[in-house]
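First up is the structure itself, then whatever we jot down about it.
Residue numbers (this note's numbering): 42 to 173.
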């Protein structure tokens, strides 16, 4: 399903599925997922930025895939780490994984300069705010 623009509503973008190749924990509760979104039939390389709690909500809606990743994440955080933690979907499962939910609600990043304040809506970076 392609992304739907929702100007005038709570979120900039809402979709039912995202495609993920890699999850990188940039902090204990913040992470980035590298993958693709689909817009107008085309795939766009995208970085999804979200919290660990939002990721857990997404994974709980994805059956065996979600269960496996939740256990993998739990094991990653058993011991203190100085290095950035990463899960590669292609190494773990052999291919890009599709995460789905009834609704994945996202926001565009903003440019805020003295000349302008606007959303950057090129779909290269999206903030996942809510998973339903």
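All residues carry an ideal CB built from backbone N, CA and C; glycine is no exception.
Assigned exposure category for residue i - 16 Cβ within 10 Å defines buried
| i | result |
| --- | --- |
| residue 53 | buried |
| residue 95 | buried |
| residue 76 | buried |
| residue 173 | exposed |
| residue 125 | exposed |
| residue 119 | exposed |
| residue 42 | Below a pLDDT of 50, predicted positions are generally treated as unreliable, and residue 42, at 38, falls in that range; the measurement from the model is reported next regardless. It counts as exposed. |
| residue 174 | Residue numbering for the chain in the displayed model covers 42 to 173; residue 174 lies beyond these limits and cannot be assessed. |
| residue 161 | exposed |
Within-8 Å CB hit, residue i to chain C
| i | result |
| --- | --- |
| residue 149 | Among the protein chains of the structure shown there is no chain C, as only one such chain exists. |
Per DSSP, the bridge partner or partners of residue i
| i | result |
| --- | --- |
| residue 168 | 90 and 148 |
| residue 178 | Residue numbering for the chain in the displayed model covers 42 to 173; residue 178 lies beyond these limits and cannot be assessed. |
| residue 59 | 140 |
| residue 84 | 79 |
Option nearest residue i by Cα separation, candidates the options
| i | options | result |
| --- | --- | --- |
| residue 103 | 142, 76, 120 and 63 | 142 |
| residue 121 | 57, 62, 69 and 56 | 69 |
Contact belief for residue i with residue j at Cβ below 8 Å, rounded distance in angstroms
| i | j | result |
| --- | --- | --- |
| residue 140 | residue 101 | Contact doesn't hold; Cβ gap of about 11 Å is too wide. |
| residue 168 | residue 90 | 5 Å |
| residue 128 | residue 59 | In fact, because the Cβ distance is near 15 Å, the residues do not count as touching under 8 Å. |
| residue 137 | residue 61 | 7 Å |
Opening and closing residue of the beta strand (DSSP E) in which residue i lies
| i | result |
| --- | --- |
| residue 129 | 126-129 |
Element boundaries [alpha helix (DSSP H), containing residue i]
| i | result |
| --- | --- |
| residue 116 | 104-117 |
The ligand FAD heavy atom lying under 7 Å from the CB of residue i
| i | result |
| --- | --- |
| residue 164 | With respect to small molecules bound, the structure shown includes none, and the ligand FAD cannot be examined in it. |
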